[in-house]
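In what follows, a structure is listed as structure tokens, so that the remarks can point back to it.
Numbering (our numbering), first residue to last: 38 to 240.
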């Protein structure tokens, strides 16, 4: 849960530029004003989007997304270490290009979401929401009763999205992210990254 600060992770519609996690910040706007803001390249991802499981030969593409956002392909959360190679990987594909990734692991009757990232040029177009919806449908089909997701205390955009999607705060693990990295690093908007926040949604 230590995001890469070298790659652009967000799109700033006010400046029409891609920015990294340290440069990002929050700005309160009305929903009307938000709808007037441009999306990256004015693309319409929803109309041309396919959500599907990664093919066997797309393992490197999955790892590339993880390295782009996190500089790693193993993730420490829920008190365990998840290797993305051993997860179920679901891709959002727009016009033949990979736009986003959601990785999960089924643990008994629970889906544990390990990774959810959308490339900056496809953000703000419902890609993450579609990925979550697809995985929730799969969890129901497999008879799961709950979905869990972990994020860090700085990731305000993720906390906002997950709560809008019906997740609620379930547990706070203080300082575990800082201990994993051996130091407190700066995350979204320069917020010190220390804690793991676990969220869940009943199905």
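Don't be surprised by glycine CBs; every beta carbon is placed ideally from N, CA and C. Keep in mind it's a predicted model, so treat the numbers as computed, not measured.
Item: Just grab the DSSP bridge partners of residue 112 for me.; Value: 119
Item: Using only alpha-carbon positions, find the residue among 219, 172, 231 that is nearest to residue 90.; Value: 172
Item: Starting from the Cα of residue 47, find the closest Cα among 236, 86, 155, 101 and give me that residue.; Value: 155
Item: Please state if the CB of residue 127 and the CB of residue 110 are separated by a distance shorter than 7 Å.; Value: no
Item: Please classify residue 22: does DSSP put it in a helix, a strand, or coil?; Value: As shown, the chain starts at 38 and ends at 240. That puts residue 22 outside it, with no answer to give.
Item: Would you mind working out which of 176, 143, 138, 183 sits nearest residue 165, comparing C-alpha positions?; Value: 138
Item: Ordered along the chain, which non-local residues of its own chain (more than five positions away) have a Cβ less than 6 Å from that of residue 113?; Value: 217
Item: Tell me, to the nearest whole angstrom, how far the beta carbon of residue 94 is from that of residue 135; I am working on the premise that it is less than 8 Å.; Value: Wrong, their Cβ atoms sit about 13 Å apart, outside the cutoff.
Item: Please go through the same chain and pick out, in chain order, the residues whose beta-carbon is closer than 7 Å to the beta-carbon of residue 167, but skip the five residues on each side of it.; Value: 86, 88, 129
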